[in-house]
Structure formats: structure tokens, C-alpha cells
Amino acid sequence: MKFIAILKQAKAAGIQLKNLKSMPTPDGEAWSCTVYLNGIKLGPVFEGGHGGCIEVDFSEAQQQALVDSLKAAGYELDLVHPQFTLDAPTTAYGFLELSLPDISAAFEELKVVKRKINKNTLYRMKSQEPEGYMISKTPFSPDVAAKLRKHYGDDLDIIFNEELSGF
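If you read the sequence shown in numbering that gives the first Met the number 0, its first letter stands for residue 0, the second for the next number, and so on.
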């Protein structure tokens, strides 16, 4: 799943988003958070959800350090959309404008999924929708994972409890 790949890259880059809050608006998703890099607070980021630019409240040098860390972790921007292709950004802010909304959305998805994996086992089949998952009301354990693998075989794509351990 895309959000897991983004989370792993953010973790590899040493990025944490704290105090993440989001809210739907008529024009999109509004969100805010405080960005940390390798445990050091950089500052707040805000997206008003009205189609405008994100507001990044930390220095250009800190923005560049964040971008350098993302790139070193293999983070690639999705510049191709169904109706147009974006040019690669030439500034750190431009890179953050395209990456931080996806990273914040991944952390929001993590919050939702973590509530579910506390008492359940979540998994996805290859034959299923790419962003969907199935829920077993059985608490996760290595035995449950082994039974899922035995029962579903090659069609079992991912067990979220395993993939998200450590987040």
C-alpha cells in the first residue's frame, strides 16, 4: 500500500509528524502538524484545505535538510497525475509542497489503522482493492499470521500488524 511505503521512507529519513490534526473542508483536507527531523523540532506546517499552498514555519536551511533527508531515504515525488504532469520542483519549499501533504495523509491513515490493529488482525489479499483490507476479530499473533498464510497462500498480500510494527 502506498501509505506504508511513504511511512517507511519518512521513518528512514528520520521524520516525525507530531500533533497531527486534520479536518475535511468543502475544497479539500485541512491539516496541521509539527515536523521533527531526527528528533529535533523544525516547526509547524499548515494546510488550510482551500487549494492554496502549505505554510511552513521553519527556515530555508531546515527545509533543505528535510528535503535532503527525504531524498536520501529514496522518497520520490509523484509528478504524474491523470490530467497533467508536474515539473520537478527547483526549491526545497517546492519539494515540501508536494511531499508533506502525502506524508501527513500517510500518518493520518496510520492513526486509523493502528486503532484497528490493537485488537484485530488486518490483512489484504492481492485480489482485493489496492487500498482496502480485511479485518479478523482475532488479536494478532505469529500463529494467526501463520494460519492466514497457510489458508490464503499466494493471494495473501500483506498483514498490516507485521508491516506496521515499530510505528
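Ideal Cβ positions, reconstructed from N, Cα and C, are used throughout, including at glycine.
Note that the structure is a prediction, hence the values are computed from the model and not measured.
Cβ shell of residue i (< 6 Å), same chain only, five flanking positions each side left out
i   : result
L97 : L76
G42 : D56 and F57
G50 : D26
Short CB-CB distance (under 8 Å) between residue i and chain D
i    : result
L109 : Among the chains of the structure shown, chain D does not appear; only one protein chain is present.
Extent of the continuous beta strand (DSSP E) to which residue i belongs
i    : result
A29  : G27 to L36
P81  : Counting along the chain, P81 falls outside any beta strand (DSSP E), and DSSP gives it neither H nor E.
L155 : L155 to I158
Contacts around residue i, its chain only, beta-carbon distance under 7 Å, and the 5 residues preceding and following it disregarded
i    : result
L147 : Y122, L155 and I158
I134 : K115, N119 and L121
K136 : N119
A174 : Lying outside 0 to 166, the shown extent of the chain, residue 174 is not represented and no answer is given.
N160 : I116, T120, L121 and F139
Beta-carbon proximity list for residue i, same chain, < 8 Å, skipping 5 on both sides
i    : result
G48  : M22, P23, T24, D26, G27, E28, A29 and W30
N37  : G13 and S68
D86  : L78
Q8   : L69, A72, G73 and Y74
M124 : M133, Y151, D154, L155 and D156
P88  : L76, F94, E96 and L97
V143 : T120, S135 and T137
Those residues which DSSP pairs with residue i across a bridge
i    : result
S135 : T120
I39  : L36
K110 : The partner list for K110 (beta bridge, DSSP) is empty, contrary to what the question assumes.
L16  : V34
E96  : DSSP output for E96 lists no bridge partner at all.
Collapsed DSSP secondary structure at residue i in the structure displayed
i    : result
D67  : helix
P23  : strand
E75  : coil
E46  : strand
E54  : strand
S126 : coil
S164 : coil
For residue i, the first and last residue of its enclosing alpha helix (DSSP H)
i    : result
P141 : P141 to Y151
I3   : K1 to A11
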